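Trainee:
In this note's numbering, the protein residues as written are 97 to 482.
(1) Exposed or buried, residue 267, counting other C-beta atoms within 10 Å across all chains shown (16 or more means buried)?
(2) Nearest CA to the CA of residue 243: which residue from 323, 279, 397, 455?
(3) Please tell me whether, using a cut-off of 7 Å, the distance from the CB of residue 275 to the nearest non-hydrogen atom of the ligand ATP is below it.
(4) Give me the Cα-Cα distance between residue 470 and residue 352, rounded to the nearest whole angstrom.
(5) Pull up the DSSP beta-bridge partners for residue 219, would you.
(6) Per DSSP, which one or two residues make a beta bridge with residue 277?
(7) Can you tell me whether DSSP reads residue 410 as helix, strand or coil?
(8) Excluding five sequence neighbours on each side, which residues of the same chain lie with their C-beta closer than 7 Å to the C-beta of residue 199?
(9) Grab me the residues of residue 319's own chain with a C-beta within less than 7 Å of its C-beta, minus the 5 sequence neighbours each way, in chain order.
(10) Distance, Cα to Cα, residue 248 vs residue 310?
(11) Skipping 5 residues on each side, what residues in its chain have a beta carbon closer than 6 Å to that of residue 465?
(12) Count the other C-beta atoms from every protein chain shown that fall within 10 angstroms of the C-beta of residue 343, then say buried if there are 16 or more, exposed otherwise.
(13) Residue 309 bridges to which residues according to DSSP?
(14) Mind checking which residues open and close the alpha helix (DSSP H) that includes residue 264?
(15) Would you check if there are 3 or more beta carbon pairs closer than 8 Å linking the stretch 258-265 to the stretch 175-183?
(16) For the structure I just gave you, are there three or more beta carbon pairs, one from the stretch 452-464 and one from the stretch 404-412, closer than 8 Å?
(17) Between the alpha carbons of residue 452 and residue 222, how many angstroms are there, rounded?
(18) Straight-line CA distance for residue 339 to residue 381?
(19) Check whether the stretch 418-432 and the stretch 347-361 are in contact - that is, three or more C-beta pairs closer than 8 Å.
(20) Name the two residues that bound the continuous beta strand (DSSP E) containing residue 397.
(21) If I follow the unbroken beta strand (DSSP E) through residue 476, where does it start and stop?
(22) Cα separation between residue 362 and residue 355?
Here it is, written out as structure tokens:
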């Protein structure tokens, strides 16, 4: 009886031990699975921490670049604003593209005074792609689209534009010219040009904002240049007519002829001879004053009038072609002779000779004036409209 009892107890203990071992193994298996899961979570967290650390480092690098730009930009701004004319300003802007943006390819297109056309003014690293007389219209290609919309464009975002816009851009783009960014130089709706950049040396995080700031500085500098040009003209005006004096003729003509070559737009040059003013010195002042007031009210703000003699005025009309010149000549020939002075007399007969320079041509100012004065003058006595 006692032996059976002891045997039963031993057998029960063995069964309990076996069950205990089985339970322990199950718990160890669950613990191992939990440990493996925790290990995966830890590794994932470590990877995320590493990614965040890299992003922080990149952000800190961007901050350091921003600090460098804050120190460097004022000197470049001063340099750009020292430009004596538009070409010098554009040259400094183009140089700043390499200094600030580390762009190995850059080009700056200058807008004509009408804002309708853009002409290449300065470039770096693009001599094989862009010709010296490259010009394009508003809305043409990637550059023209930036000029037309007034937005800083990134080529990687062109897919967001409409199908028609993309199609027009592709059809009118400059072959082989694929800048990454195009930023318009614009102030209060007036377009002064477009900056394009590409082939960067690094992956700077502040590129877009730096380019936008550079375009704003360039536009402001070009505004100053135009104001200085107007001040220079106004400080040397003829007191009887309010037009520029004879000394301004050749510089103004050279400037407009350069635009003709660069932007491909035409230029009409008209010489007006008021016979009564030339022959009668006593009435010359009043005749020229009356004629000048009429011309100023009729001319566009981009047209230039220069008094070259007692009874002679030369008009420079940018963008005016042969048909436009004929229209202007007919209008002035009909109106000028019939203008009345204070004593009730008329201005009298006017002689008009004119010449048109086609877009893309390159002429010297003196050669053009010689050609103009070799032409026969047309005499107008005036007529009333029917």
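Note that beta-carbon positions come from the ideal geometry of N, C-alpha and C, so glycine has one too. What you are looking at is a predicted structure, and each value in this text was computed from that prediction instead of being measured.
Mentor: Based on what the coordinates show:
(1) exposed
(2) It is 279 whose Cα lies nearest to the Cα of residue 243.
(3) The model on display carries no ligand, and the ligand ATP is accordingly not part of it.
(4) 21 Å
(5) As a beta-bridge residue in DSSP terms, residue 219 pairs with 203.
(6) For residue 277, DSSP records a beta bridge to 250, 293.
(7) Of the three classes helix, strand and coil, the one that applies to residue 410 here is strand, per DSSP.
(8) 193, 293, 294, 295, 296
(9) If we look at residue 319 and ignore the five residues flanking it on each side, its Cβ neighbours are 283.
(10) 12 Å
(11) none
(12) exposed
(13) Bridge partners of residue 309: none, in fact.
(14) 259-268
(15) no
(16) no
(17) 33 Å
(18) 13 Å
(19) Result no; under three Cβ-Cβ pairs closer than 8 Å.
(20) Segment: none, residue 397 is in no beta strand (DSSP E) and carries neither H nor E.
(21) 474-476
(22) For residue 362 and residue 355, the gap between their C-alpha atoms comes out near 9 Å.
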